[in-house]
Amino acid sequence: MSEQLHINKKAAAFTSASGENAFPSPEKSNKIRLIRDFAQLFRLPVAIVAALAGCATIYALNSAATLQQYLLTATILVCTHSAACAINDYWDVDKDCIDHPERPLPSGRLSPAQVWWTALILFIGAAIAAIPLGISCLLLVIVSSILLWNYSHILLQSGIFANFIVATITAAIIFLGSLVGDRPLAMLYPIWFLFFYILAKEIIWDLHDTPGDRSQGIVTIANSWGKETAFWIAWGLITTLIVSIPIALLLLPMAHPLLFLAFSTVMMLIVTIALSRYQQQDSVSAYEGFVFWDRIGMLLGILGLLGTAPAL
Numbered sequence: 126m127s128e129q130l131h132i133n134k135k136a137a138a139f140t141s142a143s144g145e146n147a148f149p150s151p152e153k154s155n156k157i158r159l160i161r162d163f164a165q166l167f168r169l170p171v172a173i174v175a176a177l178a179g180c181a182t183i184y185a186l187n188s189a190a191t192l193q194q195y196l197l198t199a200t201i202l203v204c205t206h207s208a209a210c211a212i213n214d215y216w217d218v219d220k221d222c223i224d225h226p227e228r229p230l231p232s233g234r235l236s237p238a239q240v241w242w243t244a245l246i247l248f249i250g251a252a253i254a255a256i257p258l259g260i261s262c263l264l265l266v267i268v269s270s271i272l273l274w275n276y277s278h279i280l281l282q283s284g285i286f287a288n289f290i291v292a293t294i295t296a297a298i299i300f301l302g303s304l305v306g307d308r309p310l311a312m313l314y315p316i317w318f319l320f321f322y323i324l325a326k327e328i329i330w331d332l333h334d335t336p337g338d339r340s341q342g343i344v345t346i347a348n349s350w351g352k353e354t355a356f357w358i359a360w361g362l363i364t365t366l367i368v369s370i371p372i373a374l375l376l377l378p379m380a381h382p383l384l385f386l387a388f389s390t391v392m393m394l395i396v397t398i399a400l401s402r403y404q405q406q407d408s409v410s411a412y413e414g415f416v417f418w419d420r421i422g423m424l425l426g427i428l429g430l431l432g433t434a435p436a437l
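First residue of the sequence shown: 126, per my numbering; consecutive thereafter.
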């Protein structure tokens, strides 16, 4: 009998422990939810891709770079891009209630104060990380942070100008890596290529935000000149990039021309297919597909663009 009671106690203890593991405490659940909300707020996949692009640029230009340079560059890019997403959501909460009600701030899962302070801390963290990399890197980070902090105010004045700012700051990822690699002018073609690509993408992304932009009086190509014009401009930019690929192969002293040709071609193929599908269907699923394949294409494209670096 006593042995049976002992077995029953062990079984009860095991069941209790299993229940605790299967059903985490409310406090633990809240922490997990909070982490997920901030990850969504920061658009972490984009920030990570930016960090990888910056570090890969350094490696392509200066394989002797130190681990500290890689870590500081990655910190700058993750902090800057995460902070930019946070402060953009803070300023655009009314517009996002229409266009993106599922995001943490318009849905009420995060408070405005949480988002504002987080953005400020991340921008400051990026500036501090830039100090050991030199004055040029620090100035680039400060100017970019100021533009990103005021991006939503600039957007209210001109959504078209805001598109140019996003394209410029995104292209500055490669420029930052060039500065850290101590070869600031070695990657001018990839910088130009990335600028045009991001500009085309931003013009198309504005199509999804047209209702919210109109409610705020924001002028974009999509809501000023129409959907077809936005697509034609985007296709013009994409076509320019496609034409530039063989020209770059002929004129630039690339260290890895085949790498550039293979990955840039795949990038353009992915983007053209996704863009064509979105133009034909104009649905939420087509838009989400365009966003997904755009990120995949950009990741592959950056690998290809690094092949344009001159030989060390």
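Quick reminder that beta carbons are idealized off the backbone N, C-alpha and C, glycines included.
Would you tell me roughly how many angstroms separate the C-alpha atoms of residue i and residue j, rounded to the nearest one?
| i | j | result |
| --- | --- | --- |
| residue 338 | residue 286 | 14 Å |
| residue 244 | residue 238 | 10 Å |
| residue 371 | residue 418 | 23 Å |
| residue 199 | residue 180 | 7 Å |
| residue 273 | residue 213 | 8 Å |
| residue 209 | residue 270 | 8 Å |
| residue 409 | residue 327 | 17 Å |
| residue 335 | residue 430 | 32 Å |
| residue 381 | residue 303 | 17 Å |
| residue 158 | residue 376 | 52 Å |
| residue 378 | residue 434 | 8 Å |
| residue 364 | residue 329 | 15 Å |
| residue 413 | residue 172 | 18 Å |
| residue 293 | residue 195 | 22 Å |
| residue 147 | residue 229 | Because the pLDDT of residue 147 is 49, which lies under 50, any placement of that residue in the model is unreliable, and the number read from its coordinates should be weighed accordingly. The alpha-carbon atoms of residue 147 and residue 229 are separated by roughly 26 Å. |
| residue 169 | residue 207 | 7 Å |
| residue 201 | residue 357 | 35 Å |
| residue 369 | residue 160 | 42 Å |
| residue 384 | residue 397 | 20 Å |
| residue 255 | residue 267 | 9 Å |
| residue 259 | residue 314 | 24 Å |
| residue 316 | residue 310 | 10 Å |
| residue 359 | residue 405 | 15 Å |
| residue 386 | residue 401 | 22 Å |
| residue 253 | residue 154 | 33 Å |
| residue 263 | residue 305 | 11 Å |
| residue 395 | residue 275 | 33 Å |
| residue 436 | residue 233 | 51 Å |
| residue 420 | residue 279 | 25 Å |
Within the same chain, show all residues whose beta-carbon is closer than 6 Å to that of residue i, passing over the 5 residues directly before and after it, in chain order.
| i | result |
| --- | --- |
| residue 204 | 247, 250, 251 |
| residue 308 | 186 |
| residue 415 | 399, 403 |
| residue 216 | 277 |
| residue 392 | 422, 425, 426 |
| residue 333 | 412 |
| residue 211 | 166, 240, 243, 244 |
| residue 312 | 299, 303 |
| residue 178 | 298, 427 |
| residue 367 | 393 |
| residue 174 | 424 |
| residue 388 | 425, 428, 429 |
Am I right that residue i and residue j are in contact with their C-beta atoms under 8 Å? What's the rounded C-beta distance?
| i | j | result |
| --- | --- | --- |
| residue 321 | residue 362 | 5 Å |
| residue 265 | residue 324 | Going by Cβ atoms, the distance from residue 265 to residue 324 rounds to 20 Å, so no, they are not a contact pair. |
| residue 299 | residue 390 | With a Cβ gap of about 19 Å, residue 299 and residue 390 do not count as contacting. |
Please list, in chain order, all residues of the same chain as residue i whose beta carbon is under 8 Å from its beta carbon, the five residues on each side excluded.
| i | result |
| --- | --- |
| residue 331 | 284, 288, 338, 345, 346, 347, 348, 355 |
| residue 281 | 341, 342, 343 |
Is residue i near the ligand MN - that is, is its Cβ less than 7 Å away from at least one heavy atom of it?
| i | result |
| --- | --- |
| residue 281 | Questions concerning the ligand MN fall outside what the structure shown contains, since it holds no ligand whatsoever. |
Checking contacts by CB at 8 Å: is residue i closer than that to chain D?
| i | result |
| --- | --- |
| residue 165 | Here there is only one protein chain, and chain D is not present. |
Excluding sequence positions up to five away, which residues of its chain have a Cβ less than 7 Å from the Cβ of residue i?
| i | result |
| --- | --- |
| residue 231 | 218, 221, 222, 225 |
| residue 130 | At residue 130 the pLDDT is 40, less than 50, meaning the model places this residue with poor confidence; the figure from the coordinates comes in the next sentence. Closer than 7 Å at Cβ, skipping near neighbours: no residue. |
| residue 297 | 265, 269 |
| residue 295 | 319, 323 |
| residue 235 | 162, 166, 229 |
| residue 291 | 323, 327 |
| residue 176 | 199, 202, 203 |
| residue 352 | 332 |
Alpha helix (DSSP H) runs contained entirely in the segment 399-425, provided each spans 4 or more residues
none
Segment contact, 8 Å Cβ cut-off, at least three pairs: the segment 163-171 with the segment 187-196
no
What ranges does the alpha helix (DSSP H) occupy inside the segment 151-180, keeping only unbroken runs of at least 4 residues that lie completely in it?
151-167
What runs of the alpha helix (DSSP H), each 4 residues or longer, lie entirely inside the segment 293-354?
313-333, 335-340, 346-350
Within the segment 209-284, ranges of the alpha helix (DSSP H) (whole runs, at least 4 residues)
218-224, 237-255, 260-274, 276-282
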